[in-house]
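Q:
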Amino acid sequence: MTVEPPLRIALYAGIFVHRDAVSNSLRHKLDALRRLVELGAPLEITVFTQASDDVVSEVHVVDSVAELIAYEEFWSADVHIFEEGMYYDLFNSVFVLPPDRPILAIDHNTTPPELVDVAESKASCERSLIQRHNLALARHVACVSELNLELVRSVGIPEDRLSVLHLPPAIAPSAPPTSLTERSGPVRVLYLGRFVRAKGIVDMLELVDRLLARGGGGIEVTLAGDPRFSDPEVVRAIEEKVQAAPPGSLELVLAPSDDVLAQLFDSTDVLVIPSFHEGYCVPVVEAFSFRRFVIAYDAGNLPNIVGGLGLLVPTGDVDALEEAVLRFADALARAREGGSLLLPTMHGDMSEERWFEAVQAHLEGYSATNFERQFLALLRVLVGQSPHGLSPEVDKAISARESELDGVS
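This is how it looks when you write it as structure tokens:
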């Protein structure tokens with residue numbers, strides 16, 4: 100009896116770490132492929148990355164293409180899946196892959212270099228803009244946002260090789276989320292993101308000064324982010340500001356775990372994202388899943404991912420940002436004093452019940468189920484185009500998983 104060789108799939112990312120959107124994109128695909136193995140698909144899965152803080156059996160930490168090409172798993176892979184965003188050398192391996200091995204690239208976008216202050220990061224962003232042209236060698240490019248789709252079109256990728264693949268939230272409520280009016284006390288504002296100029300942290304700190312200057316304890320602010328990907332000088336400035344602020348009015352949370360982040364969302368009222376550029380913005384999806392309001396600048400992909408269900412103000416307009424926060428805070432304070440809550444969205448004032456129904460409908464396009472279903476559809480096509488072909492065992496496992504996902508939805 101002849102035994103068919105397993106389907107070999109290689110996945111790539113510059114880094115594979117916790118609380119990183121690109122890493123989570125790879126992790127969701129890895130989980131989906133593992134589920135296919137559980138369902139009987141003969142798969143061999145390898146992950147190549149240049150840095151990792153995760154102990155995963157499939158992961159190989161490889162510094163360069165020169166080192167990568169020494170791996171048999173690289174040459175034997177039938178399908179290659181690359182995460183593309185910030186520059187990393189492993190993505191240049193597309194130039195040495197056999198042309199009959201399909202490449203799926205996931206485009207995450209790159210921060211414009213003019214918004215980056217740290218010299219090393221700025222240079223990496225500049226190189227990323229050049230490396231984006233590697234996408235031309237991909238059999239298919241799945242963009243995580245509508246904004247990215249437009250940018251990838253500019254590279255000249257044909258329309259039939261493009262699609263949108265929204266990332267799901269990295270965390271979700273473990274129980275039904277609480278209403279905004281269930282809690283009393285100050286209105287709690289959360290900033291979540293890297294502490295860098297591109298994420299609007301300078302504007303956020305000005306907003307903090309304005310809110311604290313109002314006094315009275317009506318608003319409390321939490322700034323949360325990972326110092327690994329932040330400007331050290333900005334982090335030091337925030338620490339000094341926290342020390343000088345009135346007790347309990349301003350909190351800094353560095354490198355929050357998933358559990359801590361879930362607690363932050365559960366205890367906050369509104370997420371403020373004053374970014375000057377967003378290729379996607381997972382925290383917006385996470386905030387909505389916790390039934391929390393969102394106020395943001397109208398930069399990049401934020402209008403798409405907010406979907407009119409929060410407040411958007413002109414990018415860089417701190418006056419408008421402050422006005423939006425106070426407008427929300429006043430509405431929530433009145434409701435907590437016994438009135439009805441009308442949320443001031445871009446679609447007009449909405450009751451919380453009607454707002455959350457709209458949020459849930461919006462989130463269907465950003466769910467883990469939707470992500471996996473679309474990924475499996477892409478995988479089926481690419482495997483069919485590979486020298487290995489779509490074997491009955493793999494096709495059966497994909498179909499079985501699709502049926503499971505239909506049951507979830």
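Quick note: the sequence shown uses our numbering, first residue 100, plus one each step.
Backbone N, C-alpha and C fix where the C-beta goes; we use that ideal spot for every residue, glycine too.
Report yes or no: do three or more beta-carbon pairs, one from the stretch 439 to 458 and one from the stretch 403 to 415, lie closer than 8 Å?
A: They touch, by the three-pair rule.
Q: Please report how far the alpha carbon of Val288 lies from the alpha carbon of Pro197, in whole angstroms.
A: Spanning the two alpha carbons is a distance of roughly 51 Å.
Q: In or out: Pro491 buried (at least 16 other Cβ within 10 Å) or exposed?
A: It is exposed - the Cβ of Pro491 has fewer than 16 other Cβ atoms within 10 Å.
Q: How far does the alpha helix (DSSP H) with Glu385 in it extend, from its first residue to its last?
A: Residues Val381 to Ser388.
Q: Ignore the nearest five residues each way along the sequence and tell me which others in Gly317's own chain have a CB closer than 8 Å to its CB.
A: Answer for Gly317: Pro285, Val286, Ala428 and Ala432, listed in chain order.
Q: Taking the beta strand (DSSP E) that His179 falls in, what are its first and last residues?
A: Counting along the chain, the beta strand (DSSP E) containing His179 begins and ends at Val178 to Glu183.
Q: Just to check my reading of the structure: Glu183 and Leu228 have Cβ atoms closer than 8 Å, yes? What is that Cβ distance to the nearest angstrom?
A: Actually they are not in contact, since the Cβ atoms of Glu183 and Leu228 sit about 11 Å apart, beyond 8 Å.
Q: Within 10 angstroms of the Cβ of Met303, are there 16 or more other Cβ atoms? Answer buried if so, exposed if not.
A: Its Cβ being crowded by 16 or more others within 10 Å, Met303 is buried.
Q: If you drop the 5 nearest sequence neighbours on each side, which residues of the same chain put their C-beta closer than 6 Å to that of Ala361?
A: So the list reads Ile270, once near-sequence residues are dropped.
Q: Residue range of the beta strand (DSSP E) that Leu106 falls in?
A: Where Leu106 is concerned, the enclosing beta strand (DSSP E) stretches over Leu106 to Ala112.
Q: Out of Val158, Ser151 and Asp494, state which residue places its alpha-carbon closest to the alpha-carbon of Val116.
A: The option with the nearest alpha carbon to Val116 is Ser151.
Q: What residue range is occupied by the uninterrupted beta strand (DSSP E) comprising Ile270?
A: No beta strand (DSSP E) contains Ile270, which DSSP labels as neither H nor E.
Q: Got a sec, what are the start and stop residues for the alpha helix (DSSP H) Leu411 sits in?
A: Careful: Leu411 lies outside any alpha helix (DSSP H), inside the beta strand (DSSP E) at Leu410 to Val412.
Q: When the Cα of Ala140 is compared with those of Leu132, Arg282 and Val146, which residue comes out closest?
A: Nearest option by C-alpha distance: Leu132.
Q: Could you check if Phe345 is buried or exposed, using at least 16 other CB atoms within 10 Å of its CB as the buried criterion?
A: Here residue 345 turns out to be Pro, not Phe, going by the sequence shown. By the 10 Å Cβ count, Pro345 comes out exposed.
Q: Answer yes if the stretch 365 to 382 comes into contact with the stretch 339 to 355, meaning at least three C-beta pairs across the two stretches below 8 Å, and no otherwise.
A: The stretch 339 to 355 is not in contact with the stretch 365 to 382.
Q: By Cβ distance, which residues of its chain are closer than 8 Å to Leu401, with the 5 residues on each side in sequence left out?
A: Taken in chain order, the residues that qualify are Ile372, Ser374, Glu377, Cys380, Val383, Ala395 and Leu411.
Q: Keeping to the same chain, check which residues put their C-beta closer than 7 Å to that of Ser329; ignore five residues upstream and five downstream.
A: Arg293, Phe294 and Val295.
Q: How about Leu279 and Asp368: do their beta carbons lie closer than 8 Å?
A: Cβ distance < 8 Å, so Leu279 and Asp368 count as in contact.
Q: Just how far apart, CA to CA, sit Ala297 and Val215?
A: Their Cα atoms are separated by approximately 6 Å.
Q: Between the stretch 475 to 482 and the stretch 174 to 188, do three or more beta carbon pairs fall short of 8 Å?
A: Taking 8 Å as the limit for Cβ pairs, the verdict is that the stretch 174 to 188 does touch the stretch 475 to 482.
Q: Does Asp358 pass the burial test, meaning 16 or more other C-beta atoms within 10 Å, or should it be called exposed?
A: Flag for Asp358 reads exposed.
Q: Please tell me whether His159 and Thr145 are closer than 8 Å, where the distance is taken between their beta carbons.
A: Contact: yes.
Q: If we count the other Cβ atoms within 10 Å of its Cβ and call it buried at 16 or more, is Ser124 buried or exposed?
A: With 16 or more Cβ atoms within 10 Å of its Cβ, Ser124 is classed as buried.
Q: Taking C-alpha atoms, which residue in His239, Thr209 and Val240 lies nearest to Glu225?
A: Per the Cα distances, Thr209.
Q: Our contact map puts Leu311 next to Gln473 with C-beta atoms below 8 Å; I'd like the distance itself, whole angstroms only.
A: That belief does not hold up - the Cβ atoms of Leu311 and Gln473 are roughly 44 Å apart, past 8 Å.
Q: Mind checking which residues open and close the beta strand (DSSP E) that includes Arg287?
A: Its beta strand (DSSP E) spans residues Val286 to Leu291.
Q: In whole angstroms, what separates the C-alpha of Arg238 from that of Glu213?
A: Approximately 31 Å, taken between the alpha carbons.
Q: Leaving out five residues on either side along the sequence, give the residues of the same chain with a beta carbon under 8 Å from the beta carbon of Ile497.
A: Result list for Ile497: Leu135, Ala140, Leu475, Leu478 and Arg479, in chain order.
Q: My guess is that Met99 and Ser223 are in contact by the Cβ rule of under 8 Å, so how many angstroms apart are they, rounded?
A: Nothing in the structure corresponds to residue 99, since the chain is present only between 100 and 508.
Q: Do you know whose CA, among Glu172, Glu137, Ala467 and Leu370, lies nearest Tyr111's CA?
A: Comparing Cα-Cα distances from Tyr111 to each of Glu172, Glu137, Ala467 and Leu370, the minimum goes to Glu172.
Q: Hey, would you say Leu261 sits closer than 8 Å to Val251, going by beta carbons?
A: Result yes, Cβ atoms of Leu261 and Val251 sit closer than 8 Å.
Q: Please classify Arg313 as buried or exposed, where buried requires at least 16 neighbouring CB atoms within 10 angstroms.
A: Exposed, because fewer than 16 other Cβ atoms sit within 10 Å of the Cβ of Arg313.
Q: Ends of the alpha helix (DSSP H) at Ile168?
A: Careful: Ile168 lies outside any alpha helix (DSSP H) and carries neither H nor E.
Q: Relative to the alpha-carbon of Ser273, which residue among His461, Arg390, Gly506 and Asp418 has its alpha-carbon at the smallest distance?
A: Taking only the C-alpha atoms, the option nearest Ser273 is Arg390.
Q: With burial defined as no fewer than 16 other Cβ atoms inside 10 Å of the residue's Cβ, what is the status of His487: buried or exposed?
A: So His487 ends up on the buried side.
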